[in-house]
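Student: Here the sequence shown is numbered in the working numbering, starting from 463 and rising by one per residue.
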Amino acid sequence: MENKLALNDNLSLSRIIHGYWRLRDWNLSDQELLKLIEQVLELGITSFDHADIYGNYTCEAYFGRALALKPSLRDQMELISKCGIRLNTDANPELDVKIYDYSFNYIIQQAEASLKHLGTDRLDLLLLHRPAPFFNPEEVAKAFDKLKQSGKVLNFGVSNFTPMQYDSLQSHLDMPLATNQVEISVSCLEHFENENMEFLQKHKIKPMAWSPLAGGGLFKPQSDKEHRLHSVLKEIAAALNVESIDQVMYAWLLKHPAGIMPIVGSQHINRIKSAVDALEVEMSLEQWYKIYITSKGEELP
């Protein structure tokens, strides 16, 4: 299976993406993080997923410090970030509640903050982090145009948007949105059921998948659904002669013709390698449906 997917004429991402949501919890020194980045690149993973709010607005700077130890690595990677969520933490003492802010000024401010923290002159891809009930697409379009013209952001996309929300924003833009980052896993079938998969395929949009291992719950199942899935994943892992159920979960996503790109949010290189190895797993159509049916808890109609 190809290790790189073209999202448009000037953006290709690695099929497996490394995610940094939990970077603050990894307790790595700058040198240790640099080593991890180098190991990830050696595996053929070139795309790195961030967001301004990760680690209460600290994770991008962690990554940037490590990257500064070897700046030549920047040209070997695609840097992805997200903006739009304003947390009511000590970082925003003026806020009583968390809000979504897609004003022109805030999008520009956060994109520039990400550039500064990551220690780079451009983002390969900037995503709007979540759809918002208070949303002015004209304002967003203005911000995207300014960032694009300045060369600070090369491509734009969204995260967690429905087809209608995606379409609505796209209608105000002069450039095509590159992707929609959504939750997809053997346990989360939401986007198979809300017509998002059909929408993505209709418009040849390749989605990124966050939480592709269903939050880790399937490794120590508790609910009836988790026990069902764990059992069938173990059975298929044995049939495919792979070591762990995580490879089966990744292979299930990778097999789908939508071109799903799983985000692997681990600091452990063996777990990251397991995701890359899943690119070579040949899952049958029946095995794919067996997992789907088990997750739904009912036969196909």
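C-beta: ideal position from N, C-alpha, C; glycine also.
Here the structure is a predicted model, which is why all the values come from computation and not from measurement.
Pair every Cβ in the segment 670 to 687 with every Cβ in the segment 700 to 716, then say whether three or more of these pairs are closer than 8 Å.
Tutor: Under the Cβ criterion (8 Å, minimum of three pairs), the segment 670 to 687 counts as touching the segment 700 to 716.
Student: Rounded to the nearest angstrom, how far is the Cβ of residue 592 from that of residue 616, given a contact under 8 Å?
Tutor: About 22 Å; that fails the 8 Å criterion.
Student: Indicate whether residue 490 and residue 535 have their beta-carbon atoms separated by less than 8 Å.
Tutor: The Cβ atoms of residue 490 and residue 535 lie no closer than 8 Å to each other.
Student: Whose C-beta lies closer than 7 Å to the C-beta of residue 727 among residues of the same chain, with five residues either side of it excluded?
Tutor: Sequence-distant partners of residue 727 (beyond 5 residues in either direction) whose C-beta falls short of 7 Å from its own C-beta, in its chain, are 481, 483, 484.
Student: Any C-beta of chain D sitting closer than 8 Å to the C-beta of residue 545?
Tutor: Annotation note: the requested chain D is absent from the structure, which comprises a single protein chain.
Student: Distance check for residue 697 and residue 655, CA to CA, integer angstroms please.
Tutor: 26 Å
Student: Would you be able to state if there are at least three C-beta pairs under 8 Å between the segment 653 to 667 and the segment 717 to 732?
Tutor: yes
Student: For residue 521, name the three-state secondary structure that DSSP assigns.
Tutor: helix
Student: Going by alpha carbons, who is nearest to residue 509 out of 548, 545, 468?
Tutor: 468
Student: Does the Cβ-Cβ distance between residue 553 and residue 598 come in under 8 Å?
Tutor: no
Student: Within 10 Å of its beta-carbon, does residue 653 have 16 or more other beta-carbons around it, so buried, or fewer, so exposed?
Tutor: buried
Student: Helix, strand or coil for residue 527 per DSSP?
Tutor: helix
Student: Going by other Cβ atoms of all chains shown within 10 Å of its Cβ, with 16 needed for buried, is residue 511 buried or exposed?
Tutor: It counts as buried.
Student: Determine the contact status of residue 493 and residue 531, defining contact as a CB-CB distance below 8 Å.
Tutor: Contact flag set, yes.
Student: Could you give the residue range of the alpha helix (DSSP H) that holds residue 479?
Tutor: Premise fails: residue 479 lies in the beta strand (DSSP E), 479 to 481, not in any alpha helix (DSSP H).
Student: Does residue 732 pass the burial test, meaning 16 or more other C-beta atoms within 10 Å, or should it be called exposed?
Tutor: exposed
Student: List the DSSP bridge partners of residue 562.
Tutor: 547
Student: May I ask you to verify whether the segment 562 to 571 touches the segment 600 to 610, counting CB pairs closer than 8 Å and requiring at least 3?
Tutor: yes
Student: Using DSSP with H/G/I as helix, E/B as strand and the rest coil, what is residue 623?
Tutor: Three-state DSSP puts residue 623 in coil, outside helix and strand.
Student: Measure the CB-CB distance between residue 800 and residue 613 and report whether it falls below 8 Å.
Tutor: The displayed coordinates of the chain run from 463 to 763. Any statement about residue 800 would go beyond what the structure contains.
Student: Name the DSSP bridge partner or partners of residue 513?
Tutor: The partner list for residue 513 (beta bridge, DSSP) is empty, contrary to what the question assumes.
Student: Would you kindly report the start and end of the unbroken beta strand (DSSP E) that includes residue 672?
Tutor: Residue 672: member of the beta strand (DSSP E) spanning 670 to 672, first to last residue.
Student: Helix, strand or coil for residue 468 per DSSP?
Tutor: In the structure shown, residue 468 adopts extended strand secondary structure according to DSSP, grouped into three states.
Student: Locate the beta strand (DSSP E) running through residue 723, then write down its first and last residues.
Tutor: 723 to 726
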